[in-house]
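Residue numbering for the sequence shown follows my numbering, starting at 17 and increasing by one per position.
A virtual CB, placed ideally from N, CA and C, is assigned to each residue, including glycine.
The next block holds one structure in the form of structure tokens; read it before the comments.
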Amino acid sequence: MRAGKQHQVSTAPISGPGSARGLGAAVAAWSALLAALCLLSGCAQPATPAPGSPPRAEVERLLAAVRVVQARPHPGGYDRGCREGEGCVFGPAWSDDYEGTGGHDGCDTRNNVLARQLTDIAFRPGTRDCVVVSGTLADPYTGTRVPFRKSDAQDVPVDHVYPLAAAWDLGAAAWPLDRRVRFANDIDYNLQATTRAANQAKGDSTPGEWLPPSRPGHCFYAAKYLATAIHYDLPITVDDQAALQSIAIGCP
Numbered sequence: 017m018r019a020g021k022q023h024q025v026s027t028a029p030i031s032g033p034g035s036a037r038g039l040g041a042a043v044a045a046w047s048a049l050l051a052a053l054c055l056l057s058g059c060a061q062p063a064t065p066a067p068g069s070p071p072r073a074e075v076e077r078l079l080a081a082v083r084v085v086q087a088r089p090h091p092g093g094y095d096r097g098c099r100e101g102e103g104c105v106f107g108p109a110w111s112d113d114y115e116g117t118g119g120h121d122g123c124d125t126r127n128n129v130l131a132r133q134l135t136d137i138a139f140r141p142g143t144r145d146c147v148v149v150s151g152t153l154a155d156p157y158t159g160t161r162v163p164f165r166k167s168d169a170q171d172v173p174v175d176h177v178y179p180l181a182a183a184w185d186l187g188a189a190a191w192p193l194d195r196r197v198r199f200a201n202d203i204d205y206n207l208q209a210t211t212r213a214a215n216q217a218k219g220d221s222t223p224g225e226w227l228p229p230s231r232p233g234h235c236f237y238a239a240k241y242l243a244t245a246i247h248y249d250l251p252i253t254v255d256d257q258a259a260l261q262s263i264a265i266g267c268p
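Here's what the structure looks like:
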């Protein structure tokens, strides 16, 4: 049976100036500690970052590595829908048909994320530990413990940390379809389970427009957003940069 993992920033190497090659193992440790503390304390919101948050030096290293542009363009053509006549520009939602972690494993991406990020997981019998029917999420966005039941699955959506619409506007429109599908289903970098309210409030906003309501989770969010941007060579805007620099100052 698969064990749940939480609050994970990919351990894969990141290339580019100010390379974050050494970030992975450290962030995995920070993530595990932060998740454990959330489960024990209920993730109450102190004024300082939660113990186990990525340190300032690592967030600043990522900031030094990411590309920055003045503003988000709007090239048009973004169409997430995959019904007849729709653009389906990132492929069908939660597809298993992609190259990457979790791809072609017989289990859809959403269930793979839940299996990684929830604890106390129960799977539907006969699904080979694929379909998650219950568990508990320590949500880094809201700082709360969220019970998951498949009958109320909409209460725990999966967020694209670097939003698909923003990625389209900032470079993904020029990618081949298979790269966009991989990005939309990348459980190592770009996906985070959260609450419905947080997911709806965020929408396709980037850090210059939205930050998690739980301040102790800001350092985690900043590191995950930046790691995704660097891995896919996507830029951030100057407004995003300012918001993330402000976060970095408060990281431990």
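{"query": "Beta carbon of A138 nearer than 8 Å to that of G151", "result": "yes"}
{"query": "Supposed close pair N127, I203 - CB separation, criterion 8 Å", "result": "No, N127 and I203 are not in contact; Cβ-Cβ is about 10 Å, not under 8 Å."}
{"query": "Cβ separation of P179 and D220, assumed to be a contact under 8 Å, to the nearest whole Å", "result": "4 Å"}
{"query": "Contact the stretch 208 to 217 vs the stretch 163 to 178: 3+ CB pairs below 8 Å", "result": "yes"}
{"query": "Limits of the unbroken alpha helix (DSSP H) element including Q130", "result": "Residue identity check: residue 130 is Leu in the sequence provided, not Gln. L130 -> alpha helix (DSSP H) spans T125 to Q133."}
{"query": "The stretch 177 to 197 contacting the stretch 246 to 256, beta-carbon criterion three pairs below 8 Å", "result": "yes"}
{"query": "Which residues DSSP lists as bridging S285, in chain order", "result": "Since the displayed the chain opens at 17 and closes at 268, residue 285 lies outside it and no answer follows."}
{"query": "Simplified DSSP assignment, three categories, for I203", "result": "coil"}
{"query": "8 Å Cβ shell around D175 - same chain, five flanking residues per side excluded", "result": "Y157, L207, Q208, A209, T210, A214, N215 and K218"}
{"query": "Distance between Y94 and I265 (C-alpha atoms, nearest Å)", "result": "35 Å"}
{"query": "Q257 versus K240: straight-line alpha-carbon distance, rounded", "result": "14 Å"}
{"query": "Helix, strand or coil at V172 according to DSSP, with G and I counted as helix", "result": "coil"}
{"query": "Identity of the residues DSSP links to I252 by a beta bridge", "result": "V84"}
{"query": "Neighbourhood of L242 by C-beta, 6 Å cutoff - its chain only, sequence neighbours within 5 removed", "result": "L78 and V82"}
{"query": "From D112, R196 and P141, residue whose alpha carbon lies closest to that of R96", "result": "R196"}
{"query": "CB-CB length for P223 against A200, believed under 8 Å", "result": "Actually they are not in contact, since the Cβ atoms of P223 and A200 sit about 20 Å apart, beyond 8 Å."}
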